[in-house]
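Scroll down for the structure; my scribbles are underneath it.
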Amino acid sequence: MKPAYIMQKEIKESILTPKGFLWYILTSVILSVLSYLFLTNSELSLLDQGEMLYMIMNFITALGVLIGIVFGADSFAGEIERGTLEALLLSPVNKTEIAIGKLGAALTNWGIIFVISLPYLFVVGKGAQNLLIGIAYLSILGTLLVITFSAFSMGLSARIKSMKNSLIISFFVFLLAGSPIFLSAAQRGTWFGRILDFINPFADAINTFDSVVIDSQGFSYQIERVVIICCYTLLSLWFLKKSASRLEM
Amino acid sequence: MKRLPLLLSTIILAIIGNYALVFAASRISVSIDPVFIQANMGDKITYTGTISNNSDNVVNNIIAYISLANVTQGQESPMDLEDWSANKAIKVDAIPPHGTYEGKWPIRLIDSGSYVAYVMVVDKNDNIPVSSAMSRLEIKRVLRLNPNNVLPVALGEPILIGTVFLFISFKRRKGLRSL
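Chains G and D supply the protein sequences, listed in that same order.
Taking the working numbering, the leading residue of the first sequence gets 70, the next gets one more, and so forth.
Taking the working numbering, the leading residue of the second sequence gets -6, the next gets one more, and so forth.
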């Protein structure tokens, strides 16, 4: 119950505020523009329905991860910079519970982004054969990636104690994870590109979306990638636990 | 004067060589169907290229592909067919003597304007590629403002979230004033 209390406090302070809501307005505006562009393109068949769904799923995942990183960077370093960490550490909640509560708030934020994106997914994916299964994969892998990157960013925030620095490092890691997107198909086909794709949780997620939505492949094709993402999630949670336990007044 | 026979023989050789190339190229002929299409943006059309082997020998390993050129006034350029059609080139393993092969090129029309389409055939044993006559293609612009009923979602959702945002802001201000 104690993590739930911290989570509730975080949601009240970061999500249910006019500033917090601005993120969601921006999210919906960006998704509106993207969906409209995709669909007017689809009239001209530059992209087929499955490919559009896949692209918008990638975008939603990246958006969720990015906002998760910002939440994570603010979690401990933000409290230190605002001078509120002492009060939090003096409360009858242990450090791991504080970390769990803050991670829960980041996940709630992802949940809201996912709910906001659902109507767009249904409109863009209308007629696509793998719409529902694609949404199911997005919810699961998106959640795992948000946990991975938010927990990593929170761990850094607890260790570095500087919001700016933990945010910059987390962004660099995210860019590194997203690097396969910037590589051409030929570069990704080389042994180095394939290894980079395989060990990279973000690339694993987008390759799984590709495999499920565009190539209609079953779960047996996805197992390896899902296991790798799960490993990263566990590793990040362990890093967060270790980093939170080091917090001092 | 001494140079005249040399010049004449060079000209004659060039003419013979040219005729030989045309003769070699004429082993294959290709036609495109239909020869004129008028359609709307977004429509799917299919071109059929008929490749005929006019010789008494089998023709092996030829490549046939379709090309599209924009001939709209002021926009003249060859088109990259990657966005228009997935199957650009077709490899034909063999056409029997005096036989034909029909290749099909489905194309999704993605932009308006005047175009010409033609099928080219390349035979590695010949020096000159063979082209069909040009098929004229007129594409009319179509503007669909609400594909897949996207507008209610694209406009409605930001407005809905914006309303919740205003409600929260109003409630907060009211709370602060009561303090």
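For each residue, glycine too, the CB sits at the ideal point set by N, CA and C.
By the neighbour-count definition (other C-beta atoms within 10 Å, threshold 16), W260 of chain G is an exposed residue. Per DSSP, M223 of chain G is one residue of the alpha helix (DSSP H) stretching across 200 to 229.
In the three-state reduction of the DSSP assignment, V162 of chain G falls in the coil class. Contact with chain G is absent for N46 of chain D, since none of that chain's Cβ atoms lies less than 7 Å from the residue's Cβ.
The beta carbon of S314 of chain G is closer than 8 Å to those of K164, T165 in its chain, skipping five residues each way along the sequence. Check the Cα spacing between Y94 of chain D and each of D:V114, D:W77, D:L102, D:K81: the tightest is with D:V114.
DSSP places F308 of chain G within a helical segment (H, G or I) once states are collapsed to three. Taking all protein chains shown into account, S226 of chain G has 16 or more neighbouring C-beta atoms within 10 Å of its C-beta and is therefore buried.
Inter-segment contact for the segment 272 to 291 of chain G and the segment 119 to 136 of chain G is present: three or more beta-carbon pairs are separated by less than 8 Å. Residue burial annotation: F288 of chain G is exposed, with fewer than 16 other C-beta atoms found within 10 angstroms of its C-beta.
Among the residues of chain D, none has a CB under 8 Å from the CB of V184 of chain G; the nearest is roughly 11 Å distant. Counting along the chain, the unbroken alpha helix (DSSP H) around R151 of chain G starts and ends at 146 to 151. Contact between the segment 46 to 57 of chain D and the segment 105 to 114 of chain D is established, with three or more Cβ pairs separated by less than 8 Å. For the segment 63 to 97 of chain D, the full-length beta strand (DSSP E) segments reaching 3 residues or more read 82 to 88 along the chain. At a cut-off of 7 Å between beta-carbon atoms, F163 of chain D makes no contact with chain G. Sequence-ordered contacts of the segment 194 to 228 of chain G with chain D read K195 [C-beta pairs closer than 7 Å]. Neighbourhood of N142 of chain D in chain G, by CB distance below 9 Å: V192, K195, in chain order. Interface with chain D (7 Å Cβ-Cβ cutoff): Y105 of chain G is included. Three or more beta-carbon pairs separated by less than 8 Å link the segment 296 to 310 of chain G to the segment 210 to 219 of chain G, which places the two stretches in contact.
For I154 of chain D, at least one C-beta of chain G is nearer than 7 Å to its own C-beta. Here I229 of chain G is buried: its Cβ has 16 or more other Cβ atoms, across all protein chains shown, within 10 Å. With a contact defined as Cβ atoms closer than 8 Å, L103 of chain G and G203 of chain G miss out at about 16 Å.
With respect to chain G, the C-beta atom of P151 of chain D has a partner C-beta closer than 7 Å. Beta-bridge partners of D116 of chain D (DSSP): D:I55. Less than 7 Å separates the beta-carbon of G96 of chain D from that of G42 of chain D. By the 16-neighbour rule on beta-carbons within 10 angstroms, Q291 of chain G is buried. Here R101 of chain D carries a strand assignment [DSSP, helix/strand/coil].
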